[in-house]
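Using this note's numbering, you'd call the opening residue of the sequence shown number 27 and step up by one each time.
No residue lacks a Cβ here, since even glycine has one placed at the ideal position from N, Cα and C.
The structure displayed is predicted, hence computed values, not measured ones.
Take a look at the structure below.
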Amino acid sequence: MSDTIDTLLLKENFSQADLVTLLNAQGADKTRLYTLSAEIKKQYVGNKVYFRGLVELSNICSKNCLYCGIRSGNAKPGRYMVTEEEVLEAARFALENEYGSMVLQSGERCDERFVDTVSQLLRKIKELSGGKLGITLSMGEQTESTYREWFACGAHRYLIRIETSDRELYQRIHPNDKKHDFDKRIEALKLLREIGYNVGSGVMIGLPFQTIEHLAGDLLFLKQLDVDMVGMGPFIEHEDTPLYQYNDLLWPRKERFDVSLKMVALLRIMMKDINIAATTAMQAIDKQGREKALKAGANIIMPNLTPVKYREDYLLYEDKPCLDEDASECRNCLEARIHMAGDEIGFGEWGDSKHFTKRKAVKE
Ligand code: SAM
Ligand code: SF4
């Protein structure tokens, strides 16, 4: 075990250079990092894992991010919108199985019809569950009035990944236009916080042109933004996207996975009381990816409740797992995985980020 890592891990605040060293940790150093992140997780957020039943509401998207399989420029996927009854069926399943919360995720659309549909869904989920189900939204950038409307209808968490906190890299992986504006995305995160949401963000790990220095910067960015929750995971290529042309530049998948795990562990050490998701993309690379993420410091799992018939059309990246597993199979598989990771499930609880609860208490 090297002294340097031990000394570094004792620091209250990491510099970018410290984080680069820690992200490069191998062997006994890496084990030390994971031991500490597991201890911190246990101490600050406990060993309860909270479920967020995920509905991939629609793959219709007005944006054209260069990495994403459902970008508007990809003509291959059949475009869909899950029906109201199907969403409510998923909500019933979540309730009956004591998942404390749901996540509604979707391609980005800002038209009135879409905004109204989401508002209506939020009201109905709240009504059906007697307010029991917490709701996270991941619907991309919207107007302030939309954020407020959805908040009033019952959504109380909102996740917008910054994707990368490096402006230049952001511009390289997005079309260069007003719709894909780095500053606007940061503004959206600040606005959501002001409105009162639990705010989440995150990044992709192992993008073409991305360096360990960028990733160290991402960790500092998330800390500085003081987010309540984070969802981050490996970038996985998709053949029908413009970024695929840079495939030769990508780190091997295993390396993207390893660095993603270290990102989770470091974030847990830096932001002790936030919620961190064990993301599906982790499992796409490593069959036990989500358990490993839980051990490294994650405490949120998003079982997929999207009706199976739509899943082939929500392929953000290659080899997305659980395409044919329905909600109950998914539940059984996840429960076993969580117990294997030494955690227990926070049945029926919202499991809001402790960080959010604390900062709200300070404000009041
Ligand atoms: N449209 C909304 C947005 O972009 O914020 C929410 C849905 S979007 C599909 C959710 C996340 O998928 C994105 O924030 C991005 O990080 C992730 N994603 C898209 N393409 C990916 C890829 N090829 N590999 C890994 N993650 C990807
Ligand atoms: Fe649309 Fe989100 Fe995919 Fe970008 S990442 S193309 S906004 S679904």
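Does DSSP classify residue i as helix, strand or coil?
i	result
K384	helix
V141	helix
I262	coil
V113	helix
F40	coil
E189	strand
N273	helix
I326	strand
I231	strand
L199	A small fix is needed here, since residue 199 is Ile in this sequence, not Leu. The answer is coil: DSSP assigns I199 none of H, G, I, E or B.
E122	helix
I212	helix
E370	strand
M27	No answer about M27 holds up, because its pLDDT of 47 lies below 50 and its placement is not dependable.
Is the closest heavy atom of the ligand FMN to the C-beta of residue i under 7 Å?
i	result
R357	The ligand FMN is absent from the structure shown, which contains only the ligand SAM and the ligand SF4.
Would you give the residue range spanned by the beta strand (DSSP E) that residue i belongs to?
i	result
F77	K74 to S84
S171	Premise fails: S171 lies in the alpha helix (DSSP H), E170 to A178, not in any beta strand (DSSP E).
Q131	S127 to S132
Per DSSP, which residues does residue i bridge with? Please list them.
i	result
Y184	L163 and V225
N301	M255
Along the alpha helix (DSSP H) that carries residue i, what are the first and last residues, could you check?
i	result
Q309	T306 to I311
S354	A353 to M366
I238	I238 to L251
L292	R279 to M296
D55	G53 to Y70
K346	Careful: K346 lies outside any alpha helix (DSSP H) and carries neither H nor E.
R337	V334 to R337
Distance check for residue j and residue i, CA to CA, integer angstroms please.
i	j	result
E265	Y93	9 Å
S84	T162	15 Å
S63	G133	33 Å
E239	L292	14 Å
Y125	T30	42 Å
D369	E189	29 Å
S88	L34	44 Å
R282	M258	12 Å
L48	V75	26 Å
Y184	W376	14 Å
Y343	N358	25 Å
P278	L341	20 Å
P333	I326	21 Å
V129	A51	34 Å
D202	G232	For the record, residue 202 in the displayed sequence is Asn; it is not Asp. Rounded to whole angstroms, N202 to G232 spans 21 Å at the Cα level.
G72	G79	21 Å
F382	L217	15 Å
A353	H200	33 Å
I364	E317	6 Å
A362	K204	45 Å
L195	R211	14 Å
G374	N123	8 Å
R139	A120	26 Å
C348	D32	39 Å
N100	I66	43 Å
G372	F77	7 Å
E351	E338	12 Å
Practice task
Take every Cβ of the stretch 38–49, pair it with every Cβ of the stretch 266–273, and state whether three or more of those distances are shorter than 8 Å.
Solution key: no
Handout entry: Three or more C-beta pairs below 8 Å linking the stretch 319–331 and the stretch 236–245
Key = No, the stretch 319–331 is not in contact with the stretch 236–245.
Practice task
Please confirm if the stretch 218–225 is in contact with the stretch 171–182, defined as three or more CB-CB distances below 8 Å between the two stretches.
Solution key: yes
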